[in-house]
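Written below as structure tokens is the structure these notes are about.
Residue numbers (my numbering): 44 to 189.
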């Protein structure tokens with residue numbers, strides 16, 4: 044039984060590492076994408092919203108990878124709504140919930156849909172993505188062996 048418990052714990056540690064690393068890889072990819080957007084330092088805006096949209100969607104997808112690892116909402120092929128993520132986070136961790144709300148607005152709506160060109164908003168999107176992923180890394184469910 045003890046051996047089985049150790050194997051189970053090792054599996055979950057490996058799975059957590061892979062999912063959190065994968066989420067961080069999404070952030071790194073988004074950084075590469077946003078660098079392709081032309082930036083006007085005088086106006087402090089990006090001139091091409093296409094790359095801002097791509098970066099915002101990539102950031103949000105990375106956050107979903109981390110959130111799925113912690114909250115376990117996504118089962119099968121169904122797409123859960125943001126409300127399900129908010130509900131699960133409110134039951135698990137209030138700080139994570141606050142990050143999800145702010146991150147969803149910034150990354151998914153302002154960057155991903157609207158393609159905002161404001162550099163401060165884009166920088167905030169990257170900050171929120173890292174905050175969500177860092178919080179998920181701390182909250183990853185511990186394996187309980189009976």
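Don't be surprised by glycine CBs; every beta carbon is placed ideally from N, CA and C.
Considering residue 85, what are the terminal residues of the alpha helix (DSSP H) in which it resides?
For this step, residue 85 is matched to residue 42 along the chain shown. Looking at the DSSP string, residue 85 is not in any alpha helix (DSSP H), and its letter there is neither H nor E.
Are residue 73 and residue 102 closer than 8 Å when you measure CB to CB?
Locating residue 73 in the chain shown gives position 30, counting from the first residue. Locating residue 102 in the chain shown gives position 59, counting from the first residue. It is a contact, given that the beta carbons lie within the stated cut-off.
Between the C-alpha atoms of residue 124 and residue 136, what's the straight-line distance to the nearest angstrom?
As a working mapping, residue 124 is identified with position 81 in the chain shown. As a working mapping, residue 136 is identified with position 93 in the chain shown. Cα to Cα, the separation comes out at about 18 Å.
Going by C-alpha to C-alpha distance, which of 172, 182, 155 sits closest to residue 92?
Position 49 of the chain shown, counted from the start, is the residue given in the question as residue 92. With distances taken between Cα atoms, residue 92 lies closest to 155.
Mind reading off the beta-carbon distance from residue 98 to residue 76? Whole number of angstroms is fine, and I expect it under 8 Å.
By 1-based counting over the chain shown, the position of residue 98 is 55. By 1-based counting over the chain shown, the position of residue 76 is 33. Confirmed, Cβ separation roughly 4 Å.
Put residue 182 into one of helix, strand or coil per three-state DSSP.
For the purposes of this step, residue 182 is identified with residue 139 of the chain shown, where counting begins at 1. Looking at residue 182 - three-state DSSP - the assignment turns out to be helix.
Which value, in whole angstroms, describes the spacing of the CA atoms of residue 62 and residue 180?
Numbered from 1 along the chain shown, position 19 holds the residue referred to as residue 62. Numbered from 1 along the chain shown, position 137 holds the residue referred to as residue 180. Looking at the two C-alpha atoms, the distance is approximately 9 Å.
What runs of the beta strand (DSSP E), each 3 residues or longer, lie entirely inside the region 81-158?
Runs found: none.
Decide if the region 165-176 is in contact with the region 129-149; the criterion is three or more beta carbon pairs, one per stretch, under 8 Å apart.
Segments in contact, yes.
Inspect the beta-carbon positions of residue 89 and residue 160 and report whether they are closer than 8 Å.
Counted from its first residue, the chain shown places residue 89 at position 46. Counted from its first residue, the chain shown places residue 160 at position 117. Contact: yes.
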